[in-house]
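Student: I am attaching a structure below and will ask some questions about it afterwards.
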Amino acid sequence: MGTLVVAFKAVAPLFLAIFAGMVFSRTKSASEDWVDVLNKYALRIGLPALVIASLMRIEPGSGYMRLIIVNSVYFVVSMLLAFPIAHFLKLQIQAKQALFLILSYGNVAYLGIPVLRNAYGEAAVPVAGIISSVYIFWLLTIGITLIELSGKNNFSFRQLIVHQFRNPLMLSVFSGLFIVFFNLKLPEVITDTIQLFAGSVTAVVLFSLGIFLGLHRRGSLKDWSTALAWSVVIMLVLPFLFYLAVRNSGMDAMQFKATILESAMPLGLTPYALAVQYKLETSLVARIVVLSTLLSMVIIPFWMVVLG
366 MGTLVVAFKA
376 VAPLFLAIFA
386 GMVFSRTKSA
396 SEDWVDVLNK
406 YALRIGLPAL
416 VIASLMRIEP
426 GSGYMRLIIV
436 NSVYFVVSML
446 LAFPIAHFLK
456 LQIQAKQALF
466 LILSYGNVAY
476 LGIPVLRNAY
486 GEAAVPVAGI
496 ISSVYIFWLL
506 TIGITLIELS
516 GKNNFSFRQL
526 IVHQFRNPLM
536 LSVFSGLFIV
546 FFNLKLPEVI
556 TDTIQLFAGS
566 VTAVVLFSLG
576 IFLGLHRRGS
586 LKDWSTALAW
596 SVVIMLVLPF
606 LFYLAVRNSG
616 MDAMQFKATI
626 LESAMPLGLT
636 PYALAVQYKL
646 ETSLVARIVV
656 LSTLLSMVII
666 PFWMVVLG
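The opening position of the sequence shown corresponds to residue 366 in my numbering, with each subsequent residue numbered one higher.
Spelled out as structure tokens, the structure:
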């Protein structure tokens, strides 16, 4: 019962934020322009601040290399599964591009960090920060490269590299690691400012998601069945295979539990923001975010019980 309460306390506010966005859109207090503006704020300011704030909790020389390798392999393999799955299902290019996001990037930051904190205490936060940074790094390197390669005939690797090294999310990962590596102590006013922006991003993206859902058709039973199928894949099937593969990997108990729980998180809000930016099956991605987040109230406690 305790694990169910933990999951409910972590997930319920997310749905209230989504519902608030839907109310604003239905009452015409917010337009579709809001979605673009709010997502840009999240990708360029809020999420970078959250990444830096999480990484700043890490103590240098804490022995996270195995954690980084294991989560990197899982992320990359999950993303590359889009190729055989898209071929088998005969999906169009945009759907395959969306799969790069759907299969790999769970809500490891917005939801994963508070869930791990509630479940295992403050000691889990640095581990969650490392995992979040690993996911973000590969999403913005391999993930964006695959999306760009799949969708453009005039792809320029040089332009992609230049663009990515100007990307606030990528810069936040490097900035956070720089602070950790050199054990820098930032002035309190700076850290408080970073925390202020970091605390805003979850509500902003969820509110944006609610506006998007409120402005678009609710979808048929088939649409939601498709979202349910993908939710089961990303929260149960892939994490279960991952669990079997790494249970004897030698990670300590905290790192192992955090790794599996993060892999079982519902679809992340960053993929939704990127789907809006690249116009990739946005309705499907939005439905998966909503449905998988709802299912997480049951699936997260299930994984907590399995992990002990």
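C-beta atoms are modelled at their ideal positions from N, C-alpha and C, and glycine is treated no differently.
Would you call the CB atoms of N635 and L446 closer than 8 Å?
Tutor: Per the sequence presented here, residue 635 reads as Thr, with Asn not at that position. Contact: no.
Student: Using the C-alpha atoms, what's the distance from L408 back to I509?
Tutor: Straight-line Cα distance between these residues: approximately 14 Å.
Student: If you compare alpha carbons, which of V490, Y439 and T591 is closest to T470?
Tutor: For clarity, residue 470 is Tyr in the given sequence; the question names Thr instead. Closest option to Y470, Cα to Cα, is Y439.
Student: DSSP on G564, reduced to helix/strand/coil?
Tutor: Residue state, collapsed to three classes: helix.
Student: Indicate the three-state DSSP secondary structure (helix, strand or coil) for G471 in the structure shown.
Tutor: Looking at G471 - three-state DSSP - the assignment turns out to be strand.
Student: Apart from the five residues just before and just after L639, which ones in its own chain have a Cβ nearer than 7 Å to its Cβ?
Tutor: The answer, listed in chain order, is L466.
Student: What residue range does the alpha helix (DSSP H) around M535 cover?
Tutor: Where M535 is concerned, the enclosing alpha helix (DSSP H) stretches over P533 to F546.
Student: Within a Cβ cutoff of 6 Å, which residues of the same chain sit near V473, ignoring the five residues on either side of it in sequence?
Tutor: Excluding sequence neighbours, V473 sits near I496, S497, Y500, E627 and M630.
Student: Under 8 Å Cβ to Cβ from M616, same chain only, skipping five residues before and after it: list those, please.
Tutor: Cβ within range, chain order: R431, L432, V435 and T624.
Student: Checking 8 Å against the spacing of the C-beta atoms, do L580 and E397 come in under that value?
Tutor: Cβ atoms of L580 and E397: closer than 8 Å.
Student: Should K622 be labelled buried (16 or more other beta-carbon atoms within 10 Å of its own) or exposed?
Tutor: Its Cβ being crowded by 16 or more others within 10 Å, K622 is buried.
Student: Note down the Cα distance separating A618 from G486, rounded to an integer number of angstroms.
Tutor: Going by the C-alpha atoms only, they are around 14 Å apart.
Student: Counting Cβ pairs closer than 8 Å, one from the stretch 453–463 and one from the stretch 592–607, do we hit at least three?
Tutor: With a cut-off of 8 Å, the stretch 592–607 and the stretch 453–463 do not count as touching, because too few Cβ pairs lie within range.
Student: Helix, strand or coil for L632, going by three-state DSSP, please let me know.
Tutor: Looking at L632 - three-state DSSP - the assignment turns out to be strand.
Student: At the level of alpha carbons, what is the spacing between G541 and G633?
Tutor: Near 21 Å, if we compare the C-alpha coordinates of G633 and G541.
Student: Kindly indicate which residue of M669, G673, Q620 and I576 has the alpha-carbon position closest to the one of T647.
Tutor: Nearest C-alpha to T647: I576.
Student: Could you give the distance in angstroms between the alpha-carbon of V663 and the alpha-carbon of V670?
Tutor: Spanning the two alpha carbons is a distance of roughly 11 Å.
Student: Evaluate Q620 with the Cβ neighbour count: other Cβ atoms within 10 Å of its Cβ, from every protein chain shown; 16 or more gives buried, anything less gives exposed.
Tutor: The residue is buried, with at least 16 neighbouring Cβ atoms inside 10 Å.
Student: Judging by CA-CA distance, which residue of L379, I665, L660 and L659 is the nearest neighbour of Y475?
Tutor: Comparing Cα positions, the closest option is L379.
Student: For the alpha helix (DSSP H) containing Y485, list its first residue and its last residue.
Tutor: That run of the alpha helix (DSSP H) goes G477 to Y485.
Student: Taking L586 as the reference, give the member of K644, L656, L561 and A610 with the closest Cα.
Tutor: The shortest Cα separation from L586 among K644, L656, L561 and A610 belongs to L656.
Student: Could you check which residue in L574, I599, M535 and P666 has the C-alpha nearest to that of Y637?
Tutor: Of the listed residues, the one whose Cα sits closest to Y637 is L574.
Student: Exposed or buried, L645, counting other C-beta atoms within 10 Å across all chains shown (16 or more means buried)?
Tutor: Answer is buried; the Cβ neighbour count reaches 16.
Student: Quick check on the DSSP output: the alpha helix (DSSP H) that includes Y439 runs from which residue to which?
Tutor: Per DSSP, Y439 belongs to the alpha helix (DSSP H) from M430 to L445.
Student: Identify, in the order they occur along the chain, each residue of the same chain with its Cβ nearer than 6 Å to the Cβ of V570, setting aside the five sequence neighbours on each side.
Tutor: The answer, listed in chain order, is A407 and L634.
Student: Cutting at 8 Å between CB atoms, please list the residues of its own chain near A451, excluding the five before and the five after it.
Tutor: Within the same chain, A451 has close Cβ partners A460, K461 and L464.
Student: Hey, quick one: how far does the alpha helix (DSSP H) through F605 stretch, first residue to last?
Tutor: Taken as a continuous stretch (DSSP letters only), the alpha helix (DSSP H) holding F605 covers L603 to V611.
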